[in-house]
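The structure appears right after this line, and notes come after that.
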Amino acid sequence: MDNKMNNLLNDFPILQEIVNDEKLVYLDNAATTQKPRQVLDAIRNYYEHDNANVHRGVHTLAQRATEQFEGVRQKVADFIGANNPQEVVYTKGTTEALNWIAASYGRTHLHAGDEIVVSYMEHHSNLVPWQQLALQTGAKLKYIGLTVDGQLDLKNAQQVITDKTAIVSLCHASNVLGVINPIKQVTRLAHQHGAIMVVDGAQAVPHMPVDVKELDVDFYAFSGHKMLGPTGCGILWGKKELLNEMPPLEFGGEMISNVGLYQTDFKAPPYKFEGGTQNIAGVIGLGAAIDYLNEIGLDKIMKHERRLVEYVLPQLTAIQGIEIYGPKDPRQRTGVLSFNLTGVHPHDLASALDMDGVAVRAGHHCAQPLMKYLGVSATARASFYLYNTQTDADLLIRAVLDAKEFFLNGSF
Amino acid sequence: MALSKLSNLYRQVIMDHAKHPHNNHELDRADHEVELRNPTCGDVLTIQLKIADKTVIDAAYTGTGCTISQASASMMTDQIKGKTIAEVEQMVLGFSDMVMGKDVPDQTKLLGEASILQSVAQFPARIKCATLAWKAAYQAIEESESND
Ligand SMILES: Cc1ncc(COP(=O)(O)O)c(C=O)c1O
């Protein structure tokens, strides 16, 4: 770890929390990440000094708020390699972004008999909107299978994606398996068949450099709260031509250019999608989060997480009775590790880890079809981020061993 | 050792019920059956009841789950057998209050062995696991009343 990585623990006050008499080891970063002081300060500073509604009014505060709010659009565009800040639409998160693509682009472009392709590893928010779209339009929903070690089965993808396919939508990285999907290859395949490519980047943008132009995808969605930003703010990025074709879904203030008695002209994207007063403080917080991540560098963050996985994965695997889901090769995955311990329900395991101060998630992780595919009802999941250390990994292993002892040998 | 706190939740009786659950089978002719899903982990629990003269004459459950949900289903099915519908309703409400940390008058008399699950109140994340079976029984009983 270099110095910057070393010192950043001081930026996260919450990591000093004591839970159940133990120092917090926060390993639920796939659910949401902690926020550094820089982000908290940006939000506070905005409310203390600049708070006003954006795009309205000529007064100074309105100007300042608007400048910051719009400035973040450029920051986001640069962060994900987009051409143009006008392609960046503010949403409340990944879920809303994916729903908008399905409800707006999908409803106006799909016909009965068209096909929508997803995979078995999708989060419900990249699945249920497509199910609904299929029900509404008569389109057919199809699934790409997985290989035995939990990777997207590219051979199967070549069979499932056909000339009937109108939309392919995949996660960039899985919130359960941790696997990183070959988005560029699948996008090429989708485009060869005339389909558009939608990517759920909720588990990728926080953890690795992402370049939407290089990937050549058509839509890309992610959430601010999984990348050090506040909750309630996320991004829908789309190619300009596509955003232009899409009807808005929310009508009201700010999204109009001219309102008559019976008809209204809408603004150009992204504004036509952003009806009503936006989450201004959230957007400004997201901007501060992007600055923070850039300062460290996504390359470094990715390497840091990979080193932690290289360190912890063999130790976890070595515990008898532990099954780990997803690829065994750390180079193919993010810092998300899902596992089960034979004979111990993941809920019980997570309660035990919590007693040791170790925060992990247990459940279906909003991926019930994947659980079924894996043949389990639930898993435990530890997910690492830039502020986690080898000590955190050691404490996780110790806590799992403690829990195993408690439940399987009953000795305490 | 922090884990010793765990024994507050996982008392020996609870562990025993989870390892060797009672009434964990299908009834051959159930009058009422309710399947409920624990929303956080997706575990499915099915409760079956035989009811005659407004009294639960047999109760059983199927499904897998965590220690807490299994032990709770095991104890509940033991405790509600032979009780009237009105009594079971009281028990379900009492159990629900108990695991939410509220005082329940005559708790041990009302709930019998299941009152040991009071410890769940200190583990709020696990309340849903404990109440799953009881909710299912409540629904089964409501069903029986609406069929009358
Ligand atoms: C892969 C994936 N997609 C989508 C989401 C939904 O994100 P949000 O709840 O921020 O809308 C999540 C987060 O839980 C996720 O992990």
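Line by line, the protein sequences give chains A and B. With this note's numbering applied, the first sequence covers 452 to 863. With this note's numbering applied, the second sequence covers 1396 to 1543. By construction, the Cβ of each residue, glycine as well, lies at the ideal position given by its N, Cα and C atoms.
Asked, Found
"7 Å Cβ cut-off: residues of chain A touching residue 1460 of chain B", "796"
"Three-state secondary structure assigned by DSSP to residue 1481 of chain B", "helix"
"Exposure of residue 863 of chain A, with buried meaning 16 or more beta-carbon neighbours within 10 Å", "A caution first: residue 863 of chain A carries a pLDDT of 47, below 50, which makes its placement in the model unreliable, though a value can still be read off. Exposed, by the Cβ-count rule."
"Beta carbon proximity, residue 826 of chain A to chain B, threshold 8 Å", "no"
"Whole-Å CB distance - residue 622 of chain A paired with residue 572 of chain A, under 8 Å assumed", "6 Å"
"Three-state secondary structure assigned by DSSP to residue 1460 of chain B", "coil"
"Residue 672 of chain A, enclosing beta strand (DSSP E) - first and last residue", "670-674"
"Buried versus exposed, by CB contacts within 10 Å (16 or more), residue 1396 of chain B", "Note that residue 1396 of chain B has pLDDT 49, beneath the 50 cutoff, so the model's placement of it is unreliable and no number is given."
"Exposed unless 16 or more other CB atoms sit within 10 angstroms - verdict on residue 695 of chain A", "exposed"
"Which of helix, strand or coil DSSP assigns to residue 462 of chain A", "helix"
"Cβ-heavy atom distance, residue 626 of chain A to ligand 1, below 7 Å", "yes"
"Buried versus exposed, by CB contacts within 10 Å (16 or more), residue 714 of chain A", "exposed"
"Closer than 8 Å to chain B by CB, residue 799 of chain A", "yes"
"Residue burial classification, residue 1541 of chain B (beta-carbon count within 10 angstroms, cutoff 16)", "exposed"
"Straight-line gap, residue 641 of chain A to residue 698 of chain A (C-alpha atoms, nearest Å)", "24 Å"
"Residue closest to residue 567 of chain A, alpha-carbon to alpha-carbon, out of A/599, A/615, A/798, A/827", "A/615"
"Of the listed residues A/583, A/742, A/535, A/782, nearest to residue 557 of chain A (C-alpha basis)", "A/583"
"Distance, residue 1507 of chain B Cα to residue 1452 of chain B Cα", "17 Å"
"Proximal chain A residues relative to residue 1410 of chain B, where beta-carbon distance stays under 9 Å", "858, 861"
"Check: residue 544 of chain A C-beta below 7 Å from any heavy atom of ligand 1", "yes"
"Supposed close pair residue 1523 of chain B, residue 1433 of chain B - CB separation, criterion 8 Å", "6 Å"
"Contacts of residue 1521 of chain B in chain A (Cβ-Cβ under 8 Å)", "798, 802"
"is_contact[residue 1435 of chain B, chain A] using C-beta, thresh 8 Å", "yes"
"Residue 541 of chain A to residue 1480 of chain B span [Cα, whole Å]", "54 Å"
"The segment 782-789 of chain A in contact with the segment 1398-1418 of chain B per 3-pair CB rule at 8 Å", "no"
"Whole-angstrom distance between residue 663 of chain A and residue 544 of chain A, CA atom to CA atom", "18 Å"
"Cutoff 6 Å; reference residue 1449 of chain B; Cβ partners in own chain excluding five residues on either side", "1479, 1480"
"Members of the segment 1510-1535 of chain B that neighbour chain A once the beta carbon cut-off is set at 9 Å", "1518, 1520, 1521, 1524"
"Under 9 Å (Cβ pairs) to chain A, residues found in the segment 1436-1458 of chain B", "1436, 1437, 1438, 1439"
"Identity of the residue in A/721, A/474, A/688 nearest residue 674 of chain A by Cα", "A/688"
"Start-to-end residues for the alpha helix (DSSP H) that takes in residue 717 of chain A", "Note, residue 717 of chain A: premise wrong, no alpha helix (DSSP H); beta strand (DSSP E) at 715-717."
"Residue(s) in a DSSP beta bridge with residue 606 of chain A", "Note: residue 606 of chain A sits in no beta bridge, so no partner."
"Inter-residue spacing [alpha-carbon to alpha-carbon] between residue 1521 of chain B and residue 504 of chain A", "42 Å"
"Residue from A/472, A/570, A/776 with nearest C-alpha to residue 608 of chain A", "A/570"
"CB contact flag (residue 414 of chain A, residue 456 of chain A, <8 Å)", "Outside the displayed span of chain A (452 to 863) sits residue 414 of chain A, for which this structure offers no information."
"Residue 620 of chain A vs residue 667 of chain A beta-carbon contact at 8 Å", "no"
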